[in-house]
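S.K.: Protein chains in written order, with full-length UniProt numbering: chain Z, 1 to 465; chain U, 1 to 465. For each residue, glycine too, the CB sits at the ideal point set by N, CA and C.
(1) Count the other CB atoms within 10 Å of the CB of residue 136 of chain U; is the residue buried (16 or more) or exposed (fewer)?
(2) Where do the ends of the alpha helix (DSSP H) carrying residue 522 of chain U lie?
(3) Which of helix, strand or coil does DSSP assign to residue 1 of chain U?
(4) Under 8 Å by Cβ, that's how I've got residue 141 of chain Z and residue 44 of chain Z pegged, so tell me the actual separation to the nearest angstrom.
(5) Closer than 8 Å by C-beta to residue 217 of chain U: which residues in its own chain qualify, once you throw out the five before and the five after it? Chain order, please.
(6) So, using beta-carbon positions, are residue 223 of chain U and residue 194 of chain U closer together than 8 Å?
(7) In terms of DSSP beta bridges, what is residue 173 of chain U paired with?
(8) Quick check on the burial criterion: 16 or more other C-beta atoms within 10 angstroms. Buried or exposed for residue 18 of chain Z?
(9) Where does residue 159 of chain U land, buried or exposed, given buried means 16+ other C-beta within 10 angstroms?
(10) Listed from N- to C-terminal order along the chain, which residues in the stretch 403-422 of chain U have their beta-carbon within a distance smaller than 7 Å of any beta-carbon of chain Z?
(11) Can you tell me which of the three DSSP states residue 285 of chain Z falls into?
(12) Measure the alpha-carbon distance for residue 188 of chain Z versus residue 348 of chain Z and round it to whole angstroms.
(13) Can you tell me where the beta strand (DSSP E) with residue 229 of chain Z in it begins and where it stops?
(14) Ordered along the chain, which non-local residues of its own chain (more than five positions away) have a Cβ less than 7 Å from that of residue 190 of chain U?
(15) Rank U:192, U:26, U:61, U:109 by C-alpha distance to the C-alpha of residue 34 of chain U and give the top, closest one.
(16) For a cutoff of 8 Å on Cβ pairs, would you count residue 438 of chain Z as touching chain U?
(17) Helix or strand or just coil, what does DSSP make of residue 75 of chain Z?
(18) If the cut is a Cβ gap below 9 Å, which residues of chain U does residue 432 of chain Z touch?
(19) At the 8 Å Cβ level, is residue 345 of chain U part of the contact set with chain Z, yes or no?
(20) What is the C-beta distance between residue 337 of chain U and residue 406 of chain U, in whole angstroms, given that I count them as a contact (C-beta under 8 Å)?
(21) Would you please state the rounded distance, in angstroms, between the beta carbons of residue 451 of chain Z and residue 430 of chain Z? I believe it to be under 8 Å.
(22) Using CA atoms only, rank isn't needed, just tell me which of U:24, U:361, U:76, U:11 is closest to residue 47 of chain U.
(23) Against chain Z, which members of the stretch 78-107 of chain U pass a CB distance test of less than 8 Å?
(24) Put residue 129 of chain Z into one of helix, strand or coil per three-state DSSP.
(25) In three-state terms, what does DSSP make of residue 7 of chain U?
(26) Is it true that the stretch 138-158 of chain Z meets the stretch 240-252 of chain Z, where meeting means three or more beta-carbon pairs spaced less than 8 Å apart?
(27) Counting only Cβ pairs nearer than 7 Å, list the residues of chain Z close to residue 380 of chain U.
(28) Whole angstroms is fine: what's the gap from residue 76 of chain Z's alpha carbon to residue 77 of chain U's?
(29) Taking Cβ positions only, does residue 120 of chain U come closer than 8 Å to chain Z?
(30) Looking only at its chain, what residues have a beta carbon closer than 6 Å to the beta carbon of residue 215 of chain Z, apart from the 5 residues adjacent to it on each side?
(31) My understanding is that residue 178 of chain U touches residue 200 of chain U, with C-beta atoms under 8 Å, so please give their C-beta distance in whole angstroms.
(32) Compare the C-alpha of residue 118 of chain Z against each of Z:302, Z:398, Z:448 and name the closest.
(33) What does residue 70 of chain U reach in chain Z if we use C-beta pairs closer than 8 Å?
(34) Cα-Cα, which of U:317, U:277, U:319, U:357 is closest to residue 210 of chain U?
(35) Taking the alpha carbon of residue 116 of chain U as the reference point, which residue from U:6, U:397, U:367, U:265 has its own alpha carbon closest?
(36) May I ask which residues mark the beginning and end of the beta strand (DSSP E) holding residue 403 of chain U?
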């Protein structure tokens, strides 16, 4: 069968790319392991189900303060079974919607492992078909990394693949890894009444250099206040299951006895067993596919997007790179891969959003940096909503006025950051943000105030975070 | 006493202007009726307390569906007293913060009515002082309009000034006026268990031409579903209080018996008794102060901002105009008054946000209009949050690709709209929004999808709203 484009992998990147390619007039086919994996990790075992549970956790937190609004609940019971059922229903609905929609617009999905046979052919194992195409887009995603000997047993020790099958809340759990996934699960389980120990080998949670230390520290304080037991500079030495309990030996010599361990320690790209080597698609030492700024690999007809192109494993990065690749296939060169301006959102006890450089990164790059920081403590909308915590931090180049980065912690940070994403991508300066219009009362006002602080110094209602 | 600038009115516009003027190096004084009215209508009897109650209503709605997240509350009781106390505490906190802050940075507040004595003098009644200044900024705001004979009695019949003193929920109430204020109160009281009748004289709620009919209808359906009894094309003929009940005779011949009537029928500008006529500041027939695009009145040293300059009585419009006025005082001409691109947010059973032109307005102005509409029904983040209702509607000029308007109904519409506000103000086109980056999953994605629809037609997960 012949196509303009065959996309290997129907995760976030693959399916967004297939819709875009279809829109742009290309004849597209999708290859995906099985009908149950359409949507990839994000949909089936990642952002979508975790955001569902995180919203539940957020609602429990709101419920615990609802008396401030004259509502007095007479207690509540928790039930993971219905949480899980409703969560899984959302996942299945999105997955089935997508399959139906692909069928409706005439995009075939071939099930099985897609293997590159030559620069214009994908062999689909399982379906046993060969798909010919002018272009191939690899969007095969990533898999959970293991941590030495520590592996999911699907019962007492879980990774972020197996945790979704959990049918009851543990009483006490230990999470290994204080990155984005670790802090999200810590918040979720804690709000659902679980005693949570969060173990992180580095000296702070969210140890990525893209997240300012202030954001990490602010979140850490809140998690602790909610009762999460955070252990920094600590690693897991060994784990053993005895009589239904997990005995975890930590690097500080302590032993913790828990009902469940969750490993949240990163992912590795799926770049093996798909024929890359056979046709000469180059990889780097870490196993990522090498691509140019149009997401084109060393074989010109083969493109790649998402988790297999760099350590920045975010669904929207993949979705964007899919568009970059397809635009380039169509002869356009204005869209480019751009890891630097990809926004990153962490959903935990706060939403923690970052785009661009931190203050430290900007200084390391030689910028003379000005920073505007506005706290939500005195933001009227945040006060009305009972969520006046967090801040907006805007990092600006003193010389040019260009916005180098923005870091928001607090309510709706994950949506608010888009204002700055657009403005940065348009090359507009901080002054533009200070002179734009913000509705009153709104959380967005803090963005304009932070921009004004850059120009006029720290005068506003707000204290520094 | 001599100042660079005297601002008459310490409402949203006045106090934002005073901070901005201070930042820009001007020596400023504020004049306000009394210590209790600092913050103006928005803070004391408008957006701030109403948004507090609206958040409570929203939480009750969430609570009614929280079982989907495995949380089973054992019922709840309602208590307006603690709602009111906590609401008023937020208002007082913001007011006192502001006064303390003004004192801290050396801005004096003179209490009493400010009256223009000449083009550079404000006489403060009550304080009995004369303030001399190079410039005067009038920010005196507006007052509730009356509806013929119908007036607040502070007990059975309330307006939006007196309603805040209410200490108990009525069993059954009737709201006169289906505009922004009417639909907000209808939602609030309905969620707190009150039987609400909403009477609107026009053939739709939110009758302003700036709000698309689709937004109004979508909100109307939800209010009805929640049990609000909406009566369109209906007016109140008469009202009488007998034995603690209000008998309301409607234009359709029906009589309703309720515990409380709320009049939500608009406001009139405070432009009388402040000396405008004495020094020759011109007003229009409706009583608004005439200003040029720099908010300067017919007397060059006197500026005006906010509710007294036009029917668009929004706090942020006033805050923006204050900045426009001060920039002009400083000799700058790049900031201009601009009623057209002021975003409008309604907080009711949904957030309803609008900026720029509706489809109808754009067609009336002769544009060849393209519209992109994306529903939240299939937005993954909205599904995770259990709020997958509403839509983004983007109105674009086919010829230029310029964005003419954007109308969002649904979760967080009031924050999301700012993305489009910035992009419109920067003169960026719809194509820019379609090519920007949106995190996944996010509500913001719908904005990018609506922009893509404009270019490529309606293909996406979403159905039309």
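M.R.: Once the coordinates are examined:
(1) Per the 10 Å Cβ criterion, buried.
(2) Limits of chain U in this structure are 1 at one end and 465 at the other, which puts residue 522 of chain U out of reach.
(3) Residue 1 of chain U: coil per DSSP, three-state reduction.
(4) Between residue 44 of chain Z and residue 141 of chain Z the Cβ distance is about 11 Å, and since that is not below 8 Å, they are no contact.
(5) 204
(6) no
(7) When beta bridges are read from the DSSP output, residue 173 of chain U appears opposite U:196, U:260.
(8) buried
(9) buried
(10) Closer than 7 Å at the C-beta level to chain Z, one finds these residues of the stretch 403-422 of chain U: 412, 414, 415, 416, 418, 419, 421, 422.
(11) Residue state, collapsed to three classes: coil.
(12) 8 Å
(13) 229-231
(14) 196, 226, 227, 228
(15) U:109
(16) yes
(17) coil
(18) 422, 425, 426
(19) yes
(20) Rounded, the Cβ-Cβ distance is 21 Å, inconsistent with contact.
(21) Indeed they touch by this definition, with Cβ atoms about 5 Å apart.
(22) U:11
(23) 78, 79, 80, 81, 82, 83, 84, 86, 90, 93, 94, 97, 98, 101, 105
(24) strand
(25) strand
(26) yes
(27) 48, 94
(28) 13 Å
(29) no
(30) 352, 407, 409
(31) Sure, about 3 Å apart at Cβ, within 8 Å.
(32) Z:302
(33) 56, 78, 79, 80, 81, 82, 83, 84, 86, 192
(34) U:357
(35) U:6
(36) 403-410
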